[in-house]
């Protein structure tokens, strides 16, 4: 359902129904799929979408590291599409 809500898939009713992509695979980033399915790409719970404010956040020495990692992973996965992933799997 989250993939439908995110506009990545559409549901098909009736015999042979199910789900299909709402747009071409080349337009579906892996980051968008993972965010819709998982809610977040955060490497730690305190940065997650629904995370409560951590009481140690103000003095956490590791927080900048986790934020930078989250951005790196997000930026990388935003640049990879489902179409690319499928093409790679067919090549190898």
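Residue numbers (our numbering): 430 to 521. Note that the Cβ used here is the ideal one computed from N, Cα and C, for glycine as well.
By a C-beta neighbour count over all protein chains shown, 10 Å radius and 16 as the cutoff for buried, is residue 518 buried or exposed?
-> Exposed is the call here.
For residue 441, which residues of its own chain have a beta-carbon under 8 Å away from its beta-carbon, when the five flanking residues on both sides are left out?
-> 447, 448 and 449
Anyone know if the C-beta pair for residue 506 and residue 463 falls short of 9 Å?
-> In this structure, residue 506 sits near residue 463, with a CB-CB distance shorter than 9 Å.
Are the beta-carbon atoms of residue 512 and residue 472 separated by less than 9 Å?
-> Contact check for residue 512 against residue 472 fails: the beta carbons are separated by 9 Å or more.
Residue 485 to residue 520, Cα distance in whole Å?
-> 47 Å
Pick from 443, 438 and 456 that is closest to residue 508, judged by C-alpha positions | 456
Could you give the distance in angstroms between the alpha-carbon of residue 469 and the alpha-carbon of residue 488?
-> 23 Å
Residue 442 in three-state terms, based on DSSP = Look at residue 442 here: in three-state DSSP terms it is coil, with no helix or strand label.
Would you check if the distance between the CB atom of residue 510 and the CB atom of residue 465 is smaller than 9 Å?
-> No.
Near residue 515, what residues of its chain come up, given a Cβ to Cβ distance below 7 Å and the 5 sequence neighbours on each side ignored?
-> 454
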